[in-house]
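Q: Below you'll find the structure I mean.
In our numbering, the protein residues as written are 354 to 599.
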């Protein structure tokens, strides 16, 4: 009887030790997995010329060429007829929504919803200009919204990145950073105010940031005030477009 009790107790002890080892092992694995997840490199959502590694296509209107005016004097057979001369007007390039939509589809980023409404515009002088807003998603998650120019539904005014979790731009900036932190990553940033919204930008970059503060147009905004504000959105806008400042 004593031997039976002894063996029973021994089995209980062995089982308990194995359970403890298993629990410790599982905790160690979970900790390692969390550490791996935390140390993963963030997804680069936008660079100067690409969205999620998809180049941003541009379409160019053909240059208008005007022929020379006819001259009244005759030319000999040895002289060539006057050549056509360029008007001197540079080709007009625009970022094409249709072309970008086609390229994004190759990476399973597809339109989710389209709305025509009066919205904030960098290029419109009036707030009530109607624009087309198209949200895009991947695997059921909305990741960006494309805002058209008021004068042309296919011309992109700007792109707002709405999926903010673990995503950064090519400079390491992500939503939630303070303006001061962003300025440490990009030393040449300055700010402007348009329609009460505050933005950080540079003259030669397609990437700018909307801050979470608002102000009245014409009201001075100090650097100390801006430094405490956080980035609410990363925005891509073609620097070749119209001026963004008022």
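All C-beta atoms, glycine included, are put in the ideal place defined by N, C-alpha and C.
So, at 7 angstroms on beta carbons, what are the nonlocal neighbours of residue 515 in its own chain, with the 5 sequence-adjacent residues on each side left out?
A: On the chain shown, residue 515 is found 162 positions in, with the first residue counted as 1. Hits under 7 angstroms: 495, 496, 497 and 498.
Q: Taking buried to mean at least 16 other C-beta atoms within 10 Å of its own C-beta, is residue 519 buried or exposed?
A: Locating residue 519 in the chain shown gives position 166, counting from the first residue. So residue 519 counts as exposed.
Q: Compute the Euclidean distance between the alpha carbons of residue 578 and residue 471, then round it to the nearest angstrom.
A: Your numbering for residue 578 matches position 225 in the chain shown. Your numbering for residue 471 matches position 118 in the chain shown. If I take the Cα positions, the gap works out to 30 angstroms.
Q: Across which residues does DSSP place residue 464 in a beta bridge pair?
A: Within the chain shown, the letter at position 111 stands for residue 464. BP columns for residue 464 point to 489.
Q: Which residues in the same chain have their Cβ closer than 7 angstroms to the Cβ of residue 387, if we skip the five residues on either side of it in sequence?
A: As a position in the chain shown, residue 387 is number 34, starting the count at 1. The pLDDT assigned to residue 387 is 49, lower than 50, so where the model puts this residue is not dependable, and the model offers no usable value.
Q: Per the contact definition of three or more C-beta pairs closer than 8 angstroms, is the stretch 447-466 in contact with the stretch 521-529?
A: Counting Cβ pairs under 8 angstroms, fewer than three are found: no touch.
Q: Using alpha carbons as the reference points, say which of 545, 507 and 537 lies closest to residue 486.
A: Residue mapping note: residue 486 aligns to position 133 of the chain shown, counting from 1. When each option's Cα is compared against that of residue 486, the closest is 507.
Q: So what's residue 583 in DSSP terms, helix, strand or just coil?
A: Against the chain shown, residue 583 aligns to sequence position 230. Residue 583: strand per DSSP, three-state reduction.
Q: Less than 7 angstroms between C-beta atoms, sequence neighbours within five positions excluded: which residues of the same chain meet that for residue 411?
A: Sequence index remark: in the chain shown, residue 411 carries index 58 (1-based). Closer than 7 angstroms at Cβ, skipping near neighbours: 446, 447, 448 and 449.
Q: Buried or exposed: residue 426, going by 16 or more other Cβ atoms within 10 Å of its Cβ?
A: Position 73 of the chain shown, counted from the start, is the residue given in the question as residue 426. In this predicted model, residue 426 has a pLDDT of only 48, less than 50, meaning its place in the structure is not dependable; the value taken from the coordinates is given anyway. It counts as exposed.
Q: Where does residue 528 land, buried or exposed, given buried means 16+ other C-beta within 10 angstroms?
A: Locating residue 528 in the chain shown gives position 175, counting from the first residue. The residue in question, residue 528, is buried, as its Cβ has 16 or more Cβ neighbours within 10 Å.
Q: Can you find the residues in the same chain that come closer than 7 angstroms, C-beta to C-beta, to residue 558, ignoring five residues on each side of it along the sequence?
A: As a first step, residue 558 is located in the chain shown; it is residue number 205 there, counting from the start. For residue 558, where only same-chain residues beyond five positions count, the Cβ hits under 7 angstroms are 401 and 592.
Q: Are there 16 or more other CB atoms within 10 angstroms of the CB of residue 510, so buried, or fewer, so exposed?
A: To locate residue 510, count along the chain shown from 1; it is residue 157. With 16 or more other Cβ atoms within 10 Å, it is buried.
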